[in-house]
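Q:
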Amino acid sequence: MRVALFLTCVNDTLYPDTGRAVVKLLTRLGVEVDFPMAQTCCGQAHYNTGYRHEAEPLARHFSDVFGGYAAIVTPSGSCGAMVRELYPRMGERARAEGRGDTLAATLAPVVPKTYELTEFLVDVLGVTDVGAHYPHKVTYHPTCHGLRGLGLGDRPLRLLRAVKGLELVELPGADECCGFGGTFALKNSDVSGAMGADKVRNAEATGAEVLCAADNSCLMHIGTTMARLRTGMRPVHIAEILASTEEEPAV
Amino acid sequence: MSGTYLGMPAFPPPPPPAFPEAARDAVHDQTLRGNLRHATHTIRAKRARAVAEVSDWAALREAGMRIKDHTLRHLDRYLVQLEESVTAAGGTVHWAVDADEANRIVAGLVKATGETEVVKVKSMATQEIGLNEALEAEGIRAYETDLAELIVQLGRDRPSHILVPAIHRNRGEIRDIFRQEMGEWGRPAPEGLTDTPAELAEAARLHLREKFLRAKVGVSGANFMVAETGTLVVVESEGNGRMCLTLPETLISVVGIEKILPTWQDLEVFLQTLPRSSTAERMNPYTSMWTGTTDEDGPRTFHLVLLDNGRTDTLADEVGRQALRCIRCSACLNVCPVYERAGGHAYGSVYPGPIGAILSPQLRGIASEIDASLPYASSLCGACYEVCPVAIDIPEVLVHLRERVVEGGRTTREGNKVVLRPAKGHAAERAAMRAARWAFTHPGALRTGQRLASRTRRFHPRTLPGPGRAWSGTRDLPPVPAEPFRDWWQRTHDGRDRGE
Amino acid sequence: MSSRERILGRVRRALADVRQDDTPYEQAIERSYVREHGERSAEQTVDLLAGNLADYRAIVHRCATDELAAMIAGLLAGRGAQTVLVPSGLDGDWLAAVDAERVPDRAESTPHELDRVDSVVTACAVAVAETGTIVLDGSPDQGRRRITLVPDHHICVVRIPDQVVSSVPQALERLDPARPLTWISGPSATSDIELDRVEGVHGPRTLEVVLVHGPG
């Protein structure tokens with residue numbers, strides 16, 4: 001099986017380790033991974049800040065780059081939700097603006113083929129035990145777009161429970177937003193900071209060494225808040241945990 | 001344009017500040033944070049249990065959404081039908097385009113009775129139009145009788161929650177307000193009043209009883225109006241609603257035009273979803289239903305004032321009109337992490353929380369600082385949409401209104417189609433978004449930028465000055481890696497990319 | 001132009017994009033929700049009613065028809081009620097054993113007069129098991145709305161099983177919208193202090209529900 005990795009612009013620029021982990025993990029599971037070099041950004045930040053018309057060229061670009069693949073895998077709940085939930089809506093809005101079906105037709109092919117990583121593992125590959133080894137105490141934060149947008153449910157937890165050596169502890173108030181919200185973190189920085197601090201305190205209370213999530217945008221917010229609050233906890237993307245093995249442990 | 005007034009009682013207005021500034025104080029007010037956290041977390045867990053008890057919740061939610069949507073799509077027809085039914089049952093129907101007109105109608109009706117005081121059932125519509133202040137200016141005193149509204153009125157405060165307007169007050173603060181203020185308005189608080197909720201409720205009972213028993217005019221809103229029968233419905237807990245709806249000789253109900261349901265049967269949906277969503281009860285203690293007037297039972301005269309005040313403008317927006325489905329249950333406030341930390345006052349309207357963030361800028365327009373900032377008062381986490389019993393996709397409408405703010409465009413104000421200009425203060429952001437769009441449609445440029453960031457990473461600070469403080473006030477900056485992923489990929493997987 | 005015409009005109013212009021929608025009401029609304037939750041025998045439905053009434057702090061009693069007079073007399077005496085409001089059409093036998101002074105439900109009584117009465121006894125129109133609700137519709141055996149509001153103690157008699165339905169949809173089917181209706185679920189309460197429920201505000205602070213079944 002051959003899939004395209006849609007890494008996302010944030011991961012590409014700031015979290016290349018996550019990208020390497022996805023490649024390692026999928027390759028280990030027998031999946032052939034392509035990274036189309038022309039990929040950039042899904043347009044989520046533009047769309048969610050109110051710049052839908054600026055997001056449209058990015059969505060068309062996404063469709064051009066990824067349209068030819070049978071499956072598109074992304075290690076980001078929010079970017080996955082952008083494609084799956086909001087690309088169809090962009091098409092509808094263009095239609096309502098009297099611009100016909102062109103945008104909807106351009107975007108339609110990529111929508112059903114785009115999978116968030118844990119979804120792809122559990123639903124498409126049908127695995128929950130990916131042969132990982134990660135001897136640490138971990139708590140899991142389900143990010144909002146993964147939880148409520150894509151409906152990832154307990155897929156990430158099932159994957160984590162199957163990891164050898166991993167002790168999974170429940171995060172109090174897990175389904176509450178961490179306060180990132182893209183440009184919300186800048187426009188409403190006080191509220192965002194307060195939400196982040198509460199999330200970090202809840203994480204700290206679990207006694208875990210690692211807070212794991214399936215989205216580096218949220219982890220960036222949580223992790224940099226942890227650094228500021230000097231908690232000693234680490235934010236780690238779930239791909240890096242699932243890629244880790246006894247022979248090649250994650251650092 | 002006079003703008004739609006969404007009442008800010010008790011305070012002569014300096015215009016409310018933008019949401020982020022207003023929220024800043026609340027975030028750092030530890031008492032307020034504690035009060036809100038306690039109250040919202042209490043109700044969250046209870047609501048979840050009350051909803052879980054009902055096996056067909058999703059179907060009820062779907063039906064509620066469809067009933068409301070259908071009604072809105074044929075609102076003219078149902079308004080006319082309602083008018084006929086209410087009139088046939090002995091009521092008188094008035095139409096008010098805006099807050100001023102509604103206030104004039106109510107003040108005129110009260111004056112015609114010769115009375116100078118009215119008792120009020122808790123009502124968002126009358127809060128919205130600032131009825132109490134308008135009546136005061138006409139020499140008519142309006143007594144709020146809902147416990148939380150009483151706390152707000154006695155404390156010369158502003159409401160901060162749809163269901164529980166005094167949610168920002170804890171029991172100790174309520175006791176102090178009762179002790180200090182009740183005497184000014186009538187029967188003083190009992191000697192030695194403590195802060196136990198039962199004693200506070202008893203104090204309110206004693207204080208308001210004399211007002212109920214002598215009242216000649218009652219003013220209410222309504223949760224629902226049934227077009228087919230002309231029936232109005234008020235859902236409440238304390239019995240203050242029943243007092244105001246049955247003891248006075250004259251009843252005046254001010255109701256938003258979106259509160260219509262086509263048929264009697266439709267109540268079977270909302271009487272199941274509203275109590276569980278709002279107070280997390282299987283059923284609220286009291287629900288009153290009346291159809292016009294009844295001989296020798298309750299008010300002899302009944303007036304219904306149908307209120308527009310920005311609702312038809314909202315209806316004209318095909319994405320935003322779903323906000324008119326709202327049944328004012330408050331579930332979205334109670335689950336909202338932003339509301340929990342910013343408090344209701346920061347929203348600068350009687351409609352706070354997620355629903356307020358999409359309702360106020362539609363009812364009032366986005367000309368003011370507060371209204372242009374409300375669509376951004378959300379992390380788009382979607383918890384509000386998940387609990388909404390009429391499935392209002394609040395994040396969708398928020399994003400839609402953000403677009404209205406930054407791009408301007410066609411909208412409707414006071415019944416007229418207008419073209420808005422993009423809001424001020426977004427020029428730098430707009431330029432940045434355009435630049436980013438350009439870079440993201442030119443992968444080569446993106447790559448150059450990434451490499452530049454990687455090569456200069458040793459010189460990146462951990463905090464930022466100026467506008468960058470918005471991030472680094474509470475967070476460090478993320479470190480930039482030695483090379484972006486795409487460079488690693490090209491080094492290690494060269495030639496395996498079909499995409500280029 | 002009148003405000004009525006102005007508002008209706010605005011509504012019609014606002015709906016320009018949906019003018020073509022002539023989906024009739026019956027088709028637009030899908031009612032895939034259930035008419036009642038779960039299957040229960042009549043006896044189980046009454047038990048559920050009793051449980052839910054009690055859960056919201058109503059005091060529930062059960063007796064047979066021929067025990068009702070003694071039951072009501074006992075409840076009033078237990079509270080030391082000196083006066084009791086009586087709707088005009090209440091079954092005379094129900095109060096046969098009562099010592100308290102009977103105050104008839106009259107149009108000319110003032111609210112202050114009602115406020116001096118200790119208790120009220122009524123029948124009901126229907127009771128809803130799933131929500132623990134009794135509904136009054138102003139029939140002669142229930143009286144004017146205010147008589148069950150101003151006195152602090154309300155005794156409501158429910159004939160079981162025939163006056164009991166399972167659910168809200170079933171209750172609405174039995175009710176006449178032209179009558180003034182009061183749905184009562186427990187004594188008055190408030191959640192206005194810290195969003196926590198406290199019983200006892202303006203309505204009767206004590207609600208006693210007597211579930212009465214056939215003779216014997």
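Chains as they are written, first to last, in the UniProt record's numbering: chain A, 1 to 251; chain B, 1 to 500; chain C, 1 to 216.
From the three backbone atoms N, C-alpha and C, an ideal C-beta is built for every residue, glycine too.
Leaving aside the five residues before and after Ala10/B along the sequence, list all residues of the same chain whose C-beta is less than 7 Å from its C-beta, in chain order.
A: Annotation note: pLDDT 42 at Ala10/B (below 50); position unreliable, coordinate value reported separately. For Ala10/B, where only same-chain residues beyond five positions count, the Cβ hits under 7 Å are Arg156, Asp157, Arg158.
Q: Excluding the 5 residues flanking Ala239/A on each side, which residues of the same chain have their C-beta closer than 7 Å to its C-beta?
A: The residues are Thr18, Ala21, Val22, Leu25, Pro75, Leu117.
Q: Check the C-beta distance from Glu268/B over to Val168/C and give it rounded, since I have them as a contact under 8 Å.
A: The pair is a contact, with the Cβ atoms about 5 Å apart (cut-off 8 Å).
Q: Tell whether a beta-carbon distance below 9 Å holds between Val117/C and Pro151/C.
A: Yes, the pair counts as a contact, with Cβ atoms nearer than the cut-off.
Q: Name the residues in the segment 190-202 of chain B whose C-beta lies less than 8 Å from a C-beta of chain C; which are they?
A: The segment 190-202 of chain B vs chain C, Cβ under 8 Å: Pro197, Ala198, Leu200, Ala201, Glu202.
Q: With 16 other CB atoms within 10 Å as the buried threshold, where does Asp266/B fall?
A: Answer is buried; the Cβ neighbour count reaches 16.
Q: Cβ of Gln142/C versus every heavy atom of the ligand GTP: is any distance shorter than 8 Å?
A: The ligand GTP is not part of the structure shown, which contains no ligands of any sort.
Q: In chain order, what residues of the same chain have a beta carbon less than 6 Å from the beta carbon of Arg62/C, not counting five sequence neighbours either side?
A: Answer for Arg62/C: Leu211, listed in chain order.
Q: With DSSP collapsed to three states, give me the class of Ala227/B.
A: Coil at Ala227/B, not helix or strand.
Q: Along the segment 187-202 of chain A, where does the CB come closer than 9 Å to a CB of chain B? Name the residues.
A: Those would be Lys187, Asn188, Ser189, Asp190, Val191, Ser192, Gly193, Ala194, Met195, Gly196, Ala197, Asp198, in chain order.
Q: Could you give the DSSP three-state label for Leu464/B: helix, strand or coil?
A: Residue state, collapsed to three classes: coil.
Q: So, is the C-beta of Ser288/B closer than 9 Å to a C-beta in chain A?
A: False, the Cβ-Cβ gap to chain A never drops below 9 Å.
Q: Of the residues Ala64/C, Ser166/C, Ala171/C, which one's Cα is nearest the Cα of Leu49/C?
A: When only C-alpha atoms are compared, the closest one is Ser166/C.
Q: Between the alpha carbons of Leu82/B and Glu228/B, how many angstroms are there, rounded?
A: Going by the C-alpha atoms only, they are around 7 Å apart.
Q: Could you check the C-alpha separation between Arg498/B and Ile72/A for me, to the nearest Å?
A: Note on Arg498/B: pLDDT 48, under 50, position unreliable in the model; no value is reported.
Q: What are the boundary residues of the alpha helix (DSSP H) that includes Arg10/C?
A: 3-14 is the span of the alpha helix (DSSP H), which, as asked, contains Arg10/C.
Q: Whose CA, out of Ala45/A, Lys113/A, Met233/A, lies closest to the CA of Leu5/A?
A: Per the Cα distances, Lys113/A.
Q: Just checking: is the beta-carbon of Ala208/C within a distance shorter than 9 Å of some beta-carbon in chain B?
A: Checking the sequence, you will find Glu at residue 208/C rather than Ala. Taking Cβ atoms only, chain B never reaches closer than 9 Å to Glu208/C, which makes this a no.
Q: Please compile the residues from chain B whose C-beta is within a distance smaller than 7 Å of the C-beta of Gly146/A.
A: Residues of chain B passing the Cβ test: none, with the nearest at roughly 11 Å.
Q: For Ile167/B, which three-state DSSP category applies?
A: It is coil, neither helix nor strand.
Q: For Asn35/B and His168/B, which I take to be in contact (beta-carbon distance under 8 Å), what is that distance rounded to the nearest angstrom?
A: Contact holds; Cβ gap of about 6 Å.
Q: Alpha carbon to alpha carbon, how far is His400/B from Val251/A? Give it in angstroms, no decimals.
A: Going by the C-alpha atoms only, they are around 43 Å apart.
Q: Report the residue from Ser217/A, Cys178/A, Glu170/A whose alpha carbon sits nearest the alpha carbon of Gly207/A.
A: Closest option to Gly207/A, Cα to Cα, is Glu170/A.
Q: Given a cut-off of 9 Å on the beta-carbon distance, is the pair His133/A and Asp215/A in contact?
A: Not in contact: His133/A and Asp215/A (Cβ atoms no closer than 9 Å).
Q: Pick out whichever of Ala50/B, Trp290/B, Leu72/B, Gly468/B has its Cα sitting closest to the Cα of Arg325/B.
A: For Arg325/B, the nearest C-alpha among the options comes from Leu72/B.
Q: Answer yes or no: do Tyr51/A and Glu403/B have a C-beta to C-beta separation smaller than 9 Å?
A: Cβ distance < 9 Å, so Tyr51/A and Glu403/B count as in contact.
Q: Which complete alpha helix (DSSP H) runs does the segment 117-143 of chain C hold, if anything under 4 residues is left out?
A: Those alpha helix (DSSP H) runs which fall completely within the segment 117-143 of chain C and span 4+ residues do not exist here.
Q: Could you pull the DSSP bridge partners for Phe120/A from this structure?
A: BP columns for Phe120/A are empty, so no partner.
Q: Are the C-beta atoms of Ser237/B and some chain C residue less than 9 Å apart?
A: With 9 Å as the cut-off, Ser237/B counts as an interface residue toward chain C.
Q: Which residue wins for smallest C-alpha separation from Arg421/B, given the options Leu109/B, Ala137/B, Gly409/B, Ser472/B?
A: When each option's Cα is compared against that of Arg421/B, the closest is Gly409/B.
Q: Kindly indicate which residue of Arg300/B, Asn103/B, Cys381/B, Glu149/B has the alpha-carbon position closest to the one of Cys336/B.
A: Answer by Cα proximity: Cys381/B.
Q: Select from the segment 13-46 of chain B all residues with a C-beta closer than 7 Å to any C-beta belonging to chain C, and list them in chain order.
A: So the list reads His38, Ala39, Thr42, Ile43, given in the order they occur along the chain.
Q: Based on DSSP bridge pairs, tell me the residues matched to Val23/A.
A: Beta-bridge pairing links Val23/A to no other residue.
Q: Could you check what DSSP says for Asp34/A in three-state terms: helix, strand or coil?
A: Strand, per DSSP.
Q: Using the Cα positions of Glu84/B and Glu199/C, report the straight-line distance between them to the nearest angstrom.
A: Distance between the alpha carbons of Glu84/B and Glu199/C is about 39 Å.
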